Each structure stands twice: as structure tokens, then as C-alpha cells.
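Enquirer: In the numbering used here, the protein residues as written are 66 to 342.
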């Protein structure tokens, strides 16, 4: 799951209040007041969310077998007092959450929902145009569940302080996980296990190359090279999901040994075979 703070219209409003005109130093000073006020609001919001619980998803990924018309995803509000507004939708994998304009072959119902404190809901993901997807391999999408919080006392105080410094900002949290659409002809756990064993991982110069000659997506996780975790710069800049009949690479200078996991349908880690190059 990839939670992120969103600053987007129309669900998230960013207000910049300015008095007077002019550019140059006055405008820069106004921007600085806005940034300081926005940061104050961020810390107030995160502090509130940490202390009072929030919205969580019942899975870290969802597999959609092609012989089903719909699947469900549980969403839970663990807050004892806050009500959250949920907005749920499917988006194209690999695109920014707000940039994809393509009509996806799935819809989520209800798309909007008011989730009361200590309550939960089952979101239903329905097929609409899945017949256009490949039948010889998996397809992947994002499930997005945007949680818009109420304006709490601490947020109201933060907004007042932010407004006094030149602006205020409201936040929502987007919980994003993968949706894997799996054609019925390849929906076989034994075949998936065989395909995992057939992954070809080699060292090519200063890189590790992963080749996947199967119809399944595999995500590599918990990678250690020579007993050390990968640098944050590599983790943050690499998509470790290997596509069907495709490959991926990542930098690993001087790699001699590699341990790694993959992630199964239930979000659990599965140990890969340790490698020696």
C-alpha cells in the first residue's frame, strides 16, 4: 500500500490569501508565509491522524479472477470519533494519481461514501470493459481510496494560524494498492509457483537483471546485496514489479550475493532462492 498526501482540486483546496499588490520581495514574502502556514497544517493534521486512528484498507493488493464479475475490498475507520469522506476509483498503473485520463475497465461502488467512526465498508470493484484486456497474461491497475478528514479542533487551530501567516491548506490521504486482473486460463497457484522459480536473475556489469518469461507480475521486495539493503535512492527510483514476458534492472555495483522476497496474492512475503554471482 502506498499512502500519500494529495494536494488536488476539487477535493483538496489550497487557498493563498494576499493583501496588497506588487511582486518581487512582497510576493516572495507572501509565498514564504504560505509555506510556513502549510507546514504547520501538515504537522497538525499528521499529529491528529496518528492520535485518533484513521482509514485503512483490508488488503495490500487485490486479485481479480476473470471469471468473476466483481471483487470486494474492505475499508475500516479505526477512529473513535472522526467521520471520513471516501472517494474510490481505479487508475492506470504507472501514472500519477491525477494524470490518467483513460477510462479504465473497472468501476468501484460506491464511488463516494461517508464512513462513520469505528465503522467499515466493503467497496465493490466491478468489471465494465475487461473483455478488452489481454487473455494470455495479467493486467495491473491502481485502486485508489482517498480519505478526506473532518475539520477537527486541532486542524481549525492550525488553519487559523496558517491564515494569519498568509494562507491555509487542507489535506486528504490517498491509500493506493495494486489491482491484478488474472485471466481464468492462467489462474493456477501451482503454475504461479513454477513461474516464480523460473525467474532469471543475473548480474550484468554493474546491474542486476531480472527476466520473467511467464504471464504473471512478480514484485521483488526486501532485497539485500552483499548483506546490505539497497540504497534509498535506488528503492525510490525503481519499480521492482517485473511485468509478464518482460524484464527489469536495478543498479548493484560489486554485487556478489543477493537475497530477496516476492509478494504473493495475500500480500505476504515469499522467500526467493539466495543467489551467488
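The beta carbon of each residue, even a glycine, is placed where N, CA and C say it ideally should be.
All figures in this text were calculated on a predicted structure; none of them were measured in a lab.
May I ask which residues mark the beginning and end of the beta strand (DSSP E) holding residue 186?
Expert: Walking along the chain shown from the start, residue 186 turns up at place 121. Element bounds for residue 186: 185–192.
Enquirer: What did DSSP end up calling residue 261 once you bin it into helix, strand or coil?
Expert: Start at 1 with the first residue of the chain shown, and residue 261 comes out as number 196. Correct three-state label for residue 261: helix.
Enquirer: Would you tell me roughly how many angstroms separate the C-alpha atoms of residue 18 and residue 246, rounded to the nearest one?
Expert: Given that the chain is displayed from residue 66 to residue 342, the structure contains no residue 18 and the question cannot be resolved.
Enquirer: So, is residue 333 buried or exposed, given that buried needs 16 or more other C-beta atoms within 10 angstroms?
Expert: Counting from 1 along the chain shown, the entry for residue 333 is found at position 268. Answer is exposed; the Cβ neighbour count stays below 16.
Enquirer: By how many angstroms is the C-alpha of residue 180 removed from the C-alpha of residue 144?
Expert: Within the chain shown, residue 144 is the residue found at index 79, counting from 1. Within the chain shown, residue 180 is the residue found at index 115, counting from 1. So the alpha carbons of these two residues sit roughly 10 angstroms apart.
Enquirer: Could you give the C-beta distance for residue 195 and residue 212, rounded to a whole number, given that I count them as a contact under 8 angstroms?
Expert: Locating residue 195 in the chain shown gives position 130, counting from the first residue. Locating residue 212 in the chain shown gives position 147, counting from the first residue. Going by Cβ atoms, the distance from residue 195 to residue 212 rounds to 27 angstroms, so no, they are not a contact pair.
Enquirer: Taking 8 angstroms as the cut-off, does the region 304–311 touch the region 268–288 (at least 3 CB pairs, one atom from each stretch)?
Expert: In short, these stretches touch, since the Cβ pair count reaches three.
Enquirer: Since I believe residue 156 is in contact with residue 169 (beta carbons under 8 angstroms), could you give me their beta-carbon distance rounded to a whole number of angstroms?
Expert: The count along the chain shown starts at 1 and reaches residue 169 at position 104. The count along the chain shown starts at 1 and reaches residue 156 at position 91. Their Cβ separation, rounded to whole angstroms, is 7 angstroms, which keeps residue 169 and residue 156 in contact under 8 angstroms.
Enquirer: Which ranges would you report for the beta strand (DSSP E) in the region 289–319 if only whole runs of at least 3 residues count?
Expert: Counting only runs of 3 or more, we get 311–316.
Enquirer: Within a Cβ cutoff of 6 angstroms, which residues of the same chain sit near residue 322, ignoring the five residues on either side of it in sequence?
Expert: Sequence index remark: in the chain shown, residue 322 carries index 257 (1-based). If we look at residue 322 and ignore the five residues flanking it on each side, its Cβ neighbours are 291 and 341.
Enquirer: Is it buried or exposed for residue 120, if we count other Cβ within 10 angstroms and need 16 for buried?
Expert: The count along the chain shown starts at 1 and reaches residue 120 at position 55. Residue 120 comes out buried.
Enquirer: For residue 120, list the residues DSSP reports as bridge partners.
Expert: Translated into the one-based positions of the chain shown, residue 120 becomes position 55. Looking at the DSSP assignment, residue 120 forms a beta bridge with 142.
Enquirer: Pop quiz: residue 295 and residue 277 are said to be a contact at Cβ under 8 angstroms. What is the actual Cβ separation, rounded to whole angstroms?
Expert: Numbered from its first residue, the chain shown carries residue 295 at position 230. Numbered from its first residue, the chain shown carries residue 277 at position 212. So it is not a contact: roughly 19 angstroms between Cβ atoms.
Enquirer: Tell me, which residues are paired with residue 197 by DSSP?
Expert: To locate residue 197, count along the chain shown from 1; it is residue 132. Note: residue 197 sits in no beta bridge, so no partner.
Enquirer: Let's see if you can read the secondary structure: which residues bound the beta strand (DSSP E) around residue 321?
Expert: As a working mapping, residue 321 is identified with position 256 in the chain shown. Segment: none, residue 321 is in no beta strand (DSSP E) and carries neither H nor E.
Enquirer: Which same chain residues, not among the five before or five after residue 360, have their C-beta less than 7 angstroms away from its C-beta?
Expert: Outside the displayed span of the chain (66 to 342) sits residue 360, for which this structure offers no information.
Enquirer: For residue 259, collect the residues of the same chain with a Cβ closer than 7 angstroms to its Cβ; drop the 5 residues on either side in sequence, then sort them by chain order.
Expert: The residue given as residue 259 occupies position 194 in the chain shown. Closer than 7 angstroms at the Cβ level, and outside the excluded window around residue 259, lies no residue.
Enquirer: Counting C-beta neighbours from all protein chains within 10 Å, is the total for residue 210 16 or more, i.e. buried, or is it exposed?
Expert: The residue given as residue 210 occupies position 145 in the chain shown. With 16 or more other Cβ atoms within 10 Å, it is buried.
Enquirer: Output the boundary residues of the beta strand (DSSP E) element that contains residue 336.
Expert: For the purposes of this step, residue 336 is taken as residue 271 along the chain shown, with counting starting at 1. Segment 334–336, the beta strand (DSSP E) holding residue 336.
Enquirer: Can you list, in chain order, the residues of its chain with a C-beta nearer than 6 angstroms to that of residue 279? Leave out the 5 residues immediately preceding and following it.
Expert: As a position in the chain shown, residue 279 is number 214, starting the count at 1. Contacts found: 260.
Enquirer: Does DSSP put residue 250 in a helix, in a strand, or in coil?
Expert: As a working note, residue 250 is residue 185 in the chain shown. Helix at residue 250.
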